[in-house]
Structures are given as structure tokens and as C-alpha cells.
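K.L.:
Going down the list, the sequences are from chains A and B. The C-terminal residue of the first sequence carries number 365 in our numbering, and the numbering is unbroken. The C-terminal residue of the second sequence carries number 365 in our numbering, and the numbering is unbroken. All residues carry an ideal CB built from backbone N, CA and C; glycine is no exception. Right, I'll just put the structure down here and ask away after.
2 protein chains.
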Amino acid sequence: MPDASDPRLADYTGLRDVELRKSLEAEHGLFIAEGEKVIRRAVSAGYPVRSVLLTRRWTASLADVLDGLGDRVHVVDDDVMEEIAGFPVHRGALASMERRPLPTVTEVLNGTRAGVTAAGGSPPEGAAAGAGAPEEAAPERDAVAPRRVLVLEDLVDHGNVGAIFRCAAALGVEAVVLSPRCADPLYRRSVKVSMGAVFAIPYARMDNWYDGLAGLRAAGFQTLALTPDQSATPLDEVPMAHRVALLLGSEGDGLSSRWLHEADEPVCIPMSPAAMDLGVDSLNVVAAAAIACHGLMRR
Amino acid sequence: MPDASDPRLADYTGLRDVELRKSLEAEHGLFIAEGEKVIRRAVSAGYPVRSVLLTRRWTASLADVLDGLGDRVHVVDDDVMEEIAGFPVHRGALASMERRPLPTVTEVLNGTRAGVTAAGGSPPEGAAAGAGAPEEAAPERDAVAPRRVLVLEDLVDHGNVGAIFRCAAALGVEAVVLSPRCADPLYRRSVKVSMGAVFAIPYARMDNWYDGLAGLRAAGFQTLALTPDQSATPLDEVPMAHRVALLLGSEGDGLSSRWLHEADEPVCIPMSPAAMDLGVDSLNVVAAAAIACHGLMRR
Chain A
67 MPDASDPRLA DYTGLRDVEL RKSLEAEHGL FIAEGEKVIR RAVSAGYPVR
117 SVLLTRRWTA SLADVLDGLG DRVHVVDDDV MEEIAGFPVH RGALASMERR
167 PLPTVTEVLN GTRAGVTAAG GSPPEGAAAG AGAPEEAAPE RDAVAPRRVL
217 VLEDLVDHGN VGAIFRCAAA LGVEAVVLSP RCADPLYRRS VKVSMGAVFA
267 IPYARMDNWY DGLAGLRAAG FQTLALTPDQ SATPLDEVPM AHRVALLLGS
317 EGDGLSSRWL HEADEPVCIP MSPAAMDLGV DSLNVVAAAA IACHGLMRR
Chain B
67 MPDASDPRLA DYTGLRDVEL RKSLEAEHGL FIAEGEKVIR RAVSAGYPVR
117 SVLLTRRWTA SLADVLDGLG DRVHVVDDDV MEEIAGFPVH RGALASMERR
167 PLPTVTEVLN GTRAGVTAAG GSPPEGAAAG AGAPEEAAPE RDAVAPRRVL
217 VLEDLVDHGN VGAIFRCAAA LGVEAVVLSP RCADPLYRRS VKVSMGAVFA
267 IPYARMDNWY DGLAGLRAAG FQTLALTPDQ SATPLDEVPM AHRVALLLGS
317 EGDGLSSRWL HEADEPVCIP MSPAAMDLGV DSLNVVAAAA IACHGLMRR
């Protein structure tokens, strides 16, 4: 049984240390999935497993995932797990997974991805819509051009990013686009809070913030900028185009004025007048995202 | 300048330690408000200040709050603050506040509270509705019987309780009722995450879970049980009575079957069919609460 100093466990060292992890994960192109359910979702989504670190009692339930990994399965005691991770790992199993190249924003907006052609508005002849992917396509679920997209500008909190992916996936938003500085959806805490929704919904990262909305417009998306400004049109009342991208700003400052002004229309979630009087006049970004996703999908 | 062992700072010891705090706060009837904005909201809501612990640079901006507190103001260095609290206090100021007796569920549902008579459905003669509280009433904002109420059953996470209060206040829900075992809205983390909304919205705690819904029915509330079960009526489509209480269950298990079956109607937030297929088929309780509060207030 390996101990905490074993070099084969380096992928799992210091999981609480954000800065250490950021450099480690970028350098080695890995991310960490935590707990049986999330590990399974990562595997199902096609991410290759580098290795698994788990305690004895999880070996049975993850047997099929561990099969074929050979000496890349590391069974340790609870205390060694905690020593490596830097905190008690209640879900008892961690997997180090390989990242894959992200699709481009254009690929995500068009519903195309490495080697996959989207059905889009005009499905290829012979491909029955709704009857599964055409034979020649890999089993990617974004093989249809999305109509409802979230765009996250510079969110800093990994938990918030994960929670927003969970809302987006559950409520049927079809893709997410990130600003260049937005927090990483594959960071451990994002993955965990998302319950694996970061694997279920296609996303891409812009390489240019300043002109970031141009690609959305070019793809035919109406851009709605969510703002706490109560003089904006309520989201439930704004006329929506066939393709809609909802822009969500960072936790503290909301959307940049650049994006707010460049968007087609500012929209708001109406607040209670009594709350405004009391100064309790804003929602956190996850609550706002949940209401916004629900609002997008009702239309 | 006091150090960490000073007995006058006992209210602030070990703020990260949930169990220690629970017993300390219950025994001494106190709670902790963190940061200038939240401290101000607690003071405005009428909670008496026991003492304030802060670093030098916050003394100026909180001068009016500190005025008259005399030797109950404790100015310390950052490192002493951290040593006492058990974590870095970024907002630089902590206040120990006295709890007040909670109103009963009946008082909250009727819009009455210690010494305050509600205008309710029949305002006292001469009291102009909407023109402020009648002269004889204390400045309590719950002096009108609520029509939209949240009921939280056994939520265990203080952050979730705080976040839900913030949603409820911002979106105009008028009162909250807690099950006997629901986490404490005045616990430090609840208060912090709520941004002080726990002071802005009247709430009460049931003394009996089993018959907890009887009081709501007696007060004329329609009870809607929020469930992930997609065969329930979507919240946006359910006919709503004049007074509606929405029941939210705990993080893991949702509502108890007792409450689910005793409620007037189960309601759901529709999930994306694609998400159901992928197993990303539920919202966290805060996201669900946000959508539900928004849905309640649109009607």
C-alpha cells in the first residue's frame, strides 16, 4: 500500500491548495473527479483515467472502472488519503483524469466538435432526428447546434461555476461559453459542485474578451445582458430570438460595461420593492443564473 | 490592546468550530455578525450589540455603531483576530449580538409580533395602507399578514439557509417558517451568506414537525410541496390561492413523505429531458428555492 510520499500519487497532492493545483493541473493536463458518481460521469463522457486513489471500501462499487487500470489503481487507508489530499475525503475515491483539448467557441456554437459534424438546422440525409446520433459520429451529445447558451464573464469562484453548470444542464441550457479569465469548470471544486454537469454540457473559452460577443452575434445569437438594474426589461418579458445567449457577470461587479453596452439588450430579474428599501436587493450569481436558465427554457 | 486569551473576547472564540459555536450561542443567546454591512443591518433590525471585535482600519467607518459601546469595543491586530476566530477575517469586523425571542409561527403567519398588531386583512381605522406603519406600531416590517411564505424542512447546511433567506427577501417572499430541526438562520455562516437578509424577513420555528402543516392550513395557506418528481404539476402552472406556503425539503432527501403527502399539492420545476437522460437531473436546494421564489412572486 503506497504512502503519502509515493511519487505515483503526485496528481493528488494538496487538493486544498488552489494555487498549487492550478499550476499542477495546467502543467500535466489533468483534473480530479471526486466520488463514485462524478468519476463515473467523467468516464462516461470519455475522459481517459490517469489513475484512481481510493480506500478499500470503494473498490467493489468501482470495480468496473478500475478494471484494466492495473498499477494505476492506488488503494490507501483513510488517513493516508487525508494526508495526501489535505482534507478528509468523505466520498472515498479520487480519480485523476486527462483533460481533452477544448473545442473552439465557434465549434460549440455550431454544435460541431473535433471530428463531429452537427446535425444543426438541416440534419444529414438519412439521419433520423431524435433517433440517436448518426453512425459516423462519435457519441458526443452536442451534435445539434444549441439555441440557448450561457456566457460567463470572469466568475472567480469555482463553486459558483460548478453550480451554474448544474443549473444549466438540469434546465436544458445547451452550451456554455467562458470569458478568457473565467474560473475553470474542471477544477476539483467546480466538478464536485456541478455533480458532473461540467461533463454533460459542451463549453468553450473565448480567447479574446474585448470582442468576445462578436462570435455570438456572427453565429446569430441574440445577446441578453443580465443586470441588477431594475430599469432593464424583465427577462420574462423580453422578446426572444431563435438563438439566445444570456450573459452573466462576475460575483462582485457583475458584467463589464463593455459587454453590458455591447449586448443587444439588458435584462433583469425583478426584485421586491420592499427588499430594495431594506438594501437586500440582489441575488447571488447562482440564484440569478438558476432563475435565468429557467426563464430561458420556458420560452 | 487585548490578546486572544482575554476573557472579554470569549464570544468570538473558535468561529470555525460549528459544535462549539452551537453550544456557546445557545447558552449565551448570542450570534455573530461579520463585516460592516451585515453589522449595520443587524443593528438597524434592532438587535442589541454585546460587543464588537475589529481591526484598527474599521474603527472609522463603524464609528457611529461603536459610539456608546465604551469598553465593549475591542480593537486588535489582524493576527490576533485570526487567532481568536480561527480563520482570516477578511471583513475586519465582528459583532456579538443578542438574540431576541423568536415570534411564534402563528404570530409570523398573522403578521403580529411581540407588541405589534398587524394591519392584516382589515387595517385599523385611519391607518392608510401603504403609507407606512400606524403610529402606535413599532417599526417592524412584518406588520402586514404575509401572503407568500417559504417553509424549510430540516435543511442542514447553514450556507444554504442563508442563501435561501437572501433569495426570499430579494424576491419578496414575506416570511419563512422553519421545521424544528432546520439549521439556524442566525448562525454566523447563515448570516454572512444571507448578506443580512435573515434580519429583514420575519421567521419562526415550529415546535412540532409531525403536525407542522396544520398551523399553515389553519391560517388559510395553500401548501405546495416542491418535489423533483416530474409527474407533479409545474410550479408555474399550479393555480395559486391568496395565501401560499411553499415547502422545501432538505439537501439530500428532499421533503419527508409526511409533509409531501399532507401538502395540498406537489409541484415541480420542469427539468430538461436531455438532463434526465444524463443523470444531471436535479437542482441544488438554493437554485430550486430561487426559481420557486421567483415563481411565487410572479403570480
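(1) Counting only Cβ pairs nearer than 9 angstroms, list the residues of chain B close to residue 152 of chain A.
(2) Could you please tell me which residues of the stretch 229-241 of chain A, in chain order, have their CB closer than 7 angstroms to any CB of chain B?
(3) When DSSP builds the beta bridges, which residues end up paired with residue 149 of chain B?
(4) Does DSSP put residue 334 of chain B in a helix, in a strand, or in coil?
(5) Please report the straight-line C-alpha distance between residue 190 of chain A and residue 339 of chain B, rounded to a whole angstrom.
(6) Report the residues of the stretch 344-355 of chain B with a CB closer than 9 angstroms to any CB of chain A, ordered along the chain.
(7) If you follow the alpha helix (DSSP H) that residue 283 of chain A is in, where does it begin and where does it stop?
(8) Please state whether DSSP places residue 172 of chain B in a helix, a strand or coil.
(9) Between residue 79 of chain A and chain B, is there a C-beta pair that is closer than 8 angstroms?
(10) Residues bridged to residue 296 of chain A by DSSP?
(11) Distance, Cα to Cα, residue 100 of chain B vs residue 214 of chain A?
(12) Identify which residue in B:147, B:153 and B:160 has its Cα closest to the Cα of residue 132 of chain B.
(13) Exposed or buried, residue 196 of chain B, counting other C-beta atoms within 10 Å across all chains shown (16 or more means buried)?
(14) Could you check the C-alpha separation between residue 143 of chain A and residue 119 of chain A for me, to the nearest Å?
(15) In angstroms, rounded to a whole number, what distance separates the CA positions of residue 231 of chain B and residue 167 of chain B?
(16) Assuming contact is defined by CB atoms lying nearer than 8 angstroms, are residue 267 of chain A and residue 229 of chain A in contact in what I supplied?
(17) Can you pull the chain A residues whose beta carbon is under 7 angstroms from the beta carbon of residue 105 of chain B, in chain order?
(18) If I'm right that residue 174 of chain B touches residue 270 of chain B with Cβ under 8 angstroms, what's the distance once you round it to whole angstroms?
(19) Between B:272, B:300, B:130 and B:273, which has its C-alpha nearest residue 336 of chain B's C-alpha?
(20) Less than 7 angstroms between C-beta atoms, sequence neighbours within five positions excluded: which residues of the same chain meet that for residue 365 of chain A?
(21) Ignore the nearest five residues each way along the sequence and tell me which others in residue 183 of chain A's own chain have a CB closer than 6 angstroms to its CB.
(22) Starting from the C-beta of residue 69 of chain A, find all residues in its chain whose C-beta is less than 7 angstroms away, skip the five residues before and the five after it, and write them out in chain order.
(23) Hey, quick one: how far does the beta strand (DSSP E) through residue 271 of chain B stretch, first residue to last?
(24) Please return the same chain residues whose Cβ sits closer than 7 angstroms to the Cβ of residue 165 of chain A, not counting the five positions on each side in sequence.
(25) Could you check whether residue 313 of chain A and residue 349 of chain A sit closer than 8 angstroms to each other, using their CB atoms as the reference points?
(26) Tell me which residues share the same chain as residue 325 of chain B and place their Cβ nearer than 8 angstroms to its Cβ, disregarding the 5 neighbours each side in the sequence.
(27) Can you tell which of A:341, A:311 and A:298 has the C-alpha that lies nearest to the C-alpha of residue 286 of chain A?
(28) If you run the structure through DSSP and keep just helix, strand and coil, what is residue 164 of chain B?
(29) Which residues in chain D sit within 8 angstroms of residue 262 of chain A, going by Cβ to Cβ distance?
(30) What did DSSP end up calling residue 70 of chain B once you bin it into helix, strand or coil?
(31) Residue 302 of chain A touches chain B at which residues, Cβ-Cβ below 8 angstroms?
(32) From residue 137 of chain B to residue 249 of chain B, what distance separates their C-alpha atoms?
(33) Using C-beta distances below 7 angstroms, list every residue in its chain close to residue 223 of chain B, excluding the 5 sequence neighbours before and after it, in chain order.
(34) Along chain B, which residues have their Cβ under 7 angstroms away from the Cβ of residue 357 of chain A?
(35) Check the DSSP bridge columns for residue 311 of chain A and list the partner residues they point to.
(36) Nearest by alpha-carbon distance to residue 210 of chain A: which of A:240, A:216 and A:217 is it?
P.N.:
Here's the rundown:
(1) Those within 9 angstroms of residue 152 of chain A in chain B number zero; the least Cβ separation is about 16 angstroms.
(2) 229, 232, 233, 235, 236, 237 and 238
(3) Note: residue 149 of chain B sits in no beta bridge, so no partner.
(4) strand
(5) No answer about residue 190 of chain A holds up, because its pLDDT of 39 lies below 50 and its placement is not dependable.
(6) 344, 345, 346, 347, 348, 349, 350, 352, 353, 354 and 355
(7) 278-284
(8) helix
(9) no
(10) Per DSSP, none; premise fails for residue 296 of chain A.
(11) 39 angstroms
(12) B:160
(13) In this prediction, residue 196 of chain B has a pLDDT of 41, which is less than 50 and means its spatial position is unreliable; nothing more can be read from the coordinates.
(14) 10 angstroms
(15) Using only the alpha carbons, I get a separation of about 19 angstroms.
(16) no
(17) None at all; the shortest Cβ gap to chain A is about 13 angstroms.
(18) 4 angstroms
(19) B:300
(20) 306
(21) In this prediction, residue 183 of chain A scores a pLDDT of 38, lower than 50, which makes its location untrustworthy; the coordinate-derived value is nonetheless stated afterwards. Within the same chain, residue 183 of chain A has no close Cβ partners at all.
(22) 146
(23) 269-271
(24) 95, 96, 97 and 252
(25) No.
(26) 219, 278, 279, 291, 313 and 315
(27) A:311
(28) strand
(29) The chain inventory of the structure shown lacks chain D, comprising the protein chains A and B.
(30) coil
(31) 364
(32) 33 angstroms
(33) 249 and 317
(34) 356, 357 and 360
(35) BP columns for residue 311 of chain A point to A:215 and A:289.
(36) A:240
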